[in-house]
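Just so you know, the sequences run in chain order A and B.
Using my numbering, read the first sequence as starting at 94 and increasing by one per residue.
Using my numbering, read the second sequence as starting at 49 and increasing by one per residue.
Everything below concerns the one structure shown next.
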Amino acid sequence: MSVIAPNFKFSEFVKSLLDNVFWIILIFSLIGLPAVQVILFYIEMPVIDGELLTPFLALTWLADPSRTLPILKAFMTTDLFRIAAFPGFGFAALIAAGTIFIERKMLAKLQLRVGPFYCGKIEGILQLMGDGLKLISKEIIIPAKADKPIFWAAPVIFVATAAAFVALIPVAPGWVVADVDVGLLAVFAIIGFFPIITILSAWSSNSKFPFIGGIRALHQMVSFEIPLILSLLGVVILTGTLNLSEIVVSQTNFPWIIFLPIGAIIFFITILAELERIPFDLPEAESEIVAGWLTEFSGMIYGLVQLGTYLKLYAFAALFVVLFLGGWTGPMIWPPFPEEIITDGIVMGPITAKIPGLPVFSQEMLNGVVWFVIKTMGVIFFILLPRGVFPRIRIDMLLSLGWYKLIGLAFVNIFIALGLLYAGVLGPGGIL
Amino acid sequence: MADAVFLALSVITIGSAIAALELRSLIYGSIALMGTLGGIAGFFLLLDSPFVAMFQLAVYVGSIAVLILFTVMLVKRELIFKKIEDKRRKFVGIALMLVFMVALGSVIMDSGIKTITTDEPAVDFRSIGADFLTYYWPALILMALILTGSVTGALVLARREDVENEQRTD
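As structure tokens, this is what we get:
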């Protein structure tokens, strides 16, 4: 008879647990607490409710749940929170994860399959977590004659560039990581990095299929960057600004897609090409060249590239929303925060809990986020949809589409914008 | 803060420029060239002109560096490069560079750059556009004509009539 642990003794199990607890408490009190105090001493602490937040006060407040909200709110105004959590990386990664799941389920439904089903009981909702764990635990195989530094660096730089793109997207009024004056130009500059990373990673793996895929990606991205930039100039002409937040504010009455539908369509097609999605997925055509420039990636390197790809997808969809669909603007649907909770506190029978610091977010911000997410998910849906419908096109068709048709249409769009501006319909001092 | 950033940018720019010249691997050399061009974009950011910096990134790093990379990858380097290792040439080159740097430096120092005030707000790109369309319009039109001419010339040179019928274009 085989048992899993033949020498198992319950008393020794309990002893090992107690040992662990002892060492954890010892290490925490000797190293952890002084380290926390030292860190809190050197960080510039905010002033909350008129008193400076000293490290001792911070620890006391953290232990008191009714007083942690002001600390949380002070933390939410810091740059770290913006970069790591809300309008930045965490939010985008969450939407990217949702996108991957929706893509797999929707594609399965379109092809009369089931898709992810067993992982997580309800419609395979934990499949993504399982895939992530699998990728992390897998070995990273590097081809024998690969150029190691570039091969390692390329996926990391890819994710970093996609995250830099995400940082420029305004999600709600005032909620943007980098509110730069030349935001749209910064977007163009960042988009220009993707072909370099792609071709370098493809070259560095020293393998045929990645190199073919990389060359194709370079052709495709470089030739579609030009109509992409040209198609956005119409919006810039009408708004007279390059700041993405100001472009959103200029659309409070009507989104620009009403007046510049041609520009929106061109931009959407170029998004599909820049993201290497079907029907423009020649760089990773899995039925011709294995997986294109991703062929030699394995393990978490592949995971990083996928993460970067979906961050890029979110960023492009959000850029479409910001430029053409009005960003966070929309009718107020979020209910106002109940006044009596602020004045009286939460009453539960005999207990009354007064929580200072409520409401955490303003009503406008929550409403803006809701509208932004709804619109972005709609655009992402339309980006995903062609994958279940269209076949892949040939590379000469792709290039002639990019260089002849889209660039010509983009100029038509610019002339429409100029006409609207000089006819006095729109723009600064227009009648609408 | 600005001084530290300036020093770091100088080290990056000059270091990667030297690396671009000295590295044996062509790919790494072009990556180093990208570092130089990006460092120059950083200098423009320090000089309160993000507009120029972004164009530097988009044009030089995003297009010209890609072009160089692409060319380097498709070239067999044994065919075009012969190793010429000559100590005297190297030292003469370094001496020539020093002479040029001293001359340029003295010209720049004499040009009144020291009187520039720092910590000014960023240059508004709208005023750049307005200047281009009003005072500098002959330069703009000249640039446009040169660019159009070169693009047309490139298209004419790249046109190959012998293979046109073999490719399906529909």
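Beta carbons are placed, not taken as given, at the ideal position from N, Cα and C, and that holds for glycine.
Annotation for threonine 445 of chain A: no alpha helix (DSSP H) segment contains it, though the beta strand (DSSP E) segment containing it runs 444–446. Close CB contacts of proline 139 of chain A within its chain, under the 7 Å cut and outside five residues either way in sequence, are with Leu146 and Ala167 (chain order). Going by beta carbons, proline 248 of chain A and leucine 397 of chain A fall inside the 7 Å limit. Per DSSP, valine 440 of chain A is one residue of the beta strand (DSSP E) stretching across 439–441. Flagged as an interface residue toward chain B: alanine 282 of chain A, by a C-beta distance shorter than 7 Å.
Counting only Cβ-Cβ distances below 7 Å, tryptophan 496 of chain A has no contacts in chain B at all, with the closest Cβ about 10 Å away. For glycine 285 of chain A, there is no enclosing alpha helix (DSSP H), as DSSP marks it with neither H nor E. DSSP places alanine 384 of chain A in the coil class of the three-state scheme, outside both helix and strand. Taking a 10 Å sphere around the C-beta of isoleucine 234 of chain A, we find fewer than 16 other C-beta atoms and assign the residue as exposed. Straight-line spacing of the CA atoms in glutamine 220 of chain A and leucine 368 of chain A works out to 23 Å.
Partner residues in the beta bridge of alanine 265 of chain A, as assigned by DSSP, are A:Trp268. When rounded, the separation of the alpha-carbon atoms in leucine 451 of chain A and valine 415 of chain A is 30 Å.
Annotation: Cβ neighbours of valine 273 of chain A in chain B (cutoff 8 Å, chain order): Pro98.
Of all residues in the segment 88–112 of chain B, those with a C-beta nearer than 9 Å to a C-beta of chain A are Ala89, Pro98, Phe99, Ala101, Met102, Phe103, Gln104, Leu105, Ala106, Val107, Val109, Gly110 and Ser111, reading in chain order. Contacts between glycine 327 of chain A and chain B, judged by CB atoms closer than 9 Å, are missing: the closest CB pair is about 16 Å apart.
Isoleucine 289 of chain A reaches chain B at Met82, Val109, Gly110, Ala113, Val114 and Leu117, counting residues in chain order whose Cβ is nearer than 8 Å. When beta bridges are read from the DSSP output, valine 140 of chain A appears opposite A:Leu145. In the displayed model, arginine 487 of chain A falls within coil according to three-state DSSP, outside both helix and strand. In the three-state reduction of the DSSP assignment, asparagine 460 of chain A falls in the helix class.
For a Cβ distance threshold of 9 Å, residue set Asp240, Ile243, Leu293, Trp296 and Ser297 of chain A lies close to isoleucine 75 of chain B, ordered along the chain.
Runs of the alpha helix (DSSP H) spanning 4 or more residues and lying entirely within the segment 345–378 of chain A occur at 354–367, in chain order. Annotation: Cβ neighbours of leucine 311 of chain A in chain B (cutoff 9 Å, chain order): Val114, Leu117 and Phe118. For threonine 332 of chain A, the uninterrupted alpha helix (DSSP H) run begins and ends at 301–332, by DSSP. Within chain A, the residues Asp274, Val275, Leu278 and Leu335 have their CB atoms less than 9 Å from the CB of phenylalanine 173 of chain B, given in chain order.
Burial is judged here by how many other beta carbons sit within 10 angstroms of a residue's own beta carbon; threonine 436 of chain A has fewer than 16 and is exposed.
For glycine 217 of chain A, the secondary structure class from DSSP, reduced to helix, strand or coil, is coil. Among the CB atoms of chain A, none fall inside 7 Å of the CB of methionine 149 of chain B. Using a Cβ-Cβ cut-off of 7 Å, glycine 285 of chain A counts as an interface residue toward chain B, since at least one Cβ of chain B sits closer than that to its own. Counting the other Cβ atoms within 10 Å of the Cβ of aspartate 374 of chain A gives 16 or more, which makes it buried. Bounds of the alpha helix (DSSP H) holding aspartate 112 of chain A are 103–120.
For serine 198 of chain B, the uninterrupted alpha helix (DSSP H) run begins and ends at 185–206, by DSSP. A check of alpha carbon separations from proline 429 of chain A across A:Arg309, A:Gln456, A:Leu406 and A:Pro354 identifies A:Gln456 as the nearest. The continuous alpha helix (DSSP H) containing glutamate 196 of chain A extends over residues 182–203. Methionine 121 of chain B belongs to the set of residues whose beta carbon lies under 7 Å from a beta carbon in chain A. Straight-line spacing of the CA atoms in phenylalanine 508 of chain A and alanine 67 of chain B works out to 46 Å.
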